[in-house]
Structures are given as C-alpha cells and as structure tokens.
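All remarks here apply to the structure that follows.
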Amino acid sequence: MITLNVINKVINKFQNLLLTGIIVSVGLWAIPVSAQVEDEQVNALVEALRLSAPPNRPNDGMYSQWQVLPAIIPSWTSQCAGQAMTPAQFEADPATARSVVACIIRRELDIELTDSGNNEMIAVRRTACWWMTGKPSGCNSGATADYVQRVMGFYQNP
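Residue numbers (our numbering): 1321 to 1478.
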C-alpha cells in the first residue's frame, strides 16, 4: 500500500521538475537569436556600395570600385583573402576586391543585424554609415546622410 508520505514525495518531485522545465524554457526563449546574414543581403549591399561610390578618379587616394582607403587594404586582404595585398594589387584585381569587400560587409552587417534585433533596414543603414565614416551612427544629415540614402535606394531596388 502506498503511503501518503510517498505520494507527497512524488508530487513534490513532479512539481520541481515542472518548475525547472518552465524556468529553462523561459530562459531559452529570452536568449536573443543570433543574426544570420544571408548571401543575398551581403551581395545586395556590396553592389549598393559599389553603385553609390564616387567615380574612380586617377590619384584620388582611394582604390577599387568601392573606393577603399589604402591604409586598410593590407589588413582586410590578410583577413579575407589569406594574404596582405598592396593597394595597387587590390586595385588591379576586381574579383579579389569584391570578395574582400563582401567579407568585411558580412562581418559588419552581422554585427548590425544583432545590434538592431535583426531589423534588416536599420542594419543596412548602419553598415552603410560605417562604410562611409567608420562608425555605424551619425549619418543623419549632410553628405553622409545623402550617401546612406543612395545606398539604401540601390539596396532596396537593385
């Protein structure tokens, strides 16, 4: 015969398990989901940045169709292409330039998607601002705002 004491122990054990399950479920639900950058998003933003770049002018100090500053090229190419390139090498290899820009944009867009709660348009806007200024915010007026708006237009209407 099962005693009342045994039944109470079983009920207490069940309540503890149920409470633990609820706590774990709520805890997992509250963890933010990591942003997952899609290839299409990266490709669209890379192309929008290219289309929004000022025209390439001889001796303007910028390199490739994306108008990359020379000082960052060795670091980015080392990170993304496996070996450091000079600005001249970067300029002379459009396929590698696109690949490196895509690599960097993927990294930055991932950061901005996470920071914006996976809001794609905010993330793209902030990444375009970062591309122009080195900071994801502050492109609300003047030439930087115009540039970000151009990027957004090309991104939304390829």
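Every residue, glycine too, gets a C-beta built ideally from N, C-alpha and C.
Per DSSP, the unbroken alpha helix (DSSP H) holding Gln1469 starts and ends at Gly1462 to Gln1476. Minimum Cα-Cα distance from Ala1368 among the listed residues Ala1448, Pro1456 and Ala1463 corresponds to Ala1448. Assigned with DSSP and collapsed to three states, Val1366 falls in helix. Contact holds between the region 1377–1396 and the region 1404–1418, because three or more Cβ pairs, one in each stretch, are under 8 Å apart. Around Ile1442, the same chain offers Glu1432 and Ser1436 as residues with beta carbons nearer than 8 Å, after the five sequence neighbours per side are excluded. Residue pairing of Val1388 in beta bridges, as defined by DSSP: Tyr1383.
By the CB criterion at 8 Å, Phe1474 and Leu1389 fall outside the cutoff. Assigned with DSSP and collapsed to three states, Arg1426 falls in helix. For Arg1446, the enclosing alpha helix (DSSP H) begins and ends at Glu1440 to Thr1453. The beta carbon of Pro1414 is closer than 8 Å to those of Ser1384 and Gln1385 in its chain, skipping five residues each way along the sequence. In the same chain as Ser1395, and ignoring 5 residues on each side of it, the C-beta atoms closer than 8 Å to its own belong to Ala1404, in chain order. Glu1440 is positioned such that its CB atom lies no closer than 8 Å to that of Gln1387.
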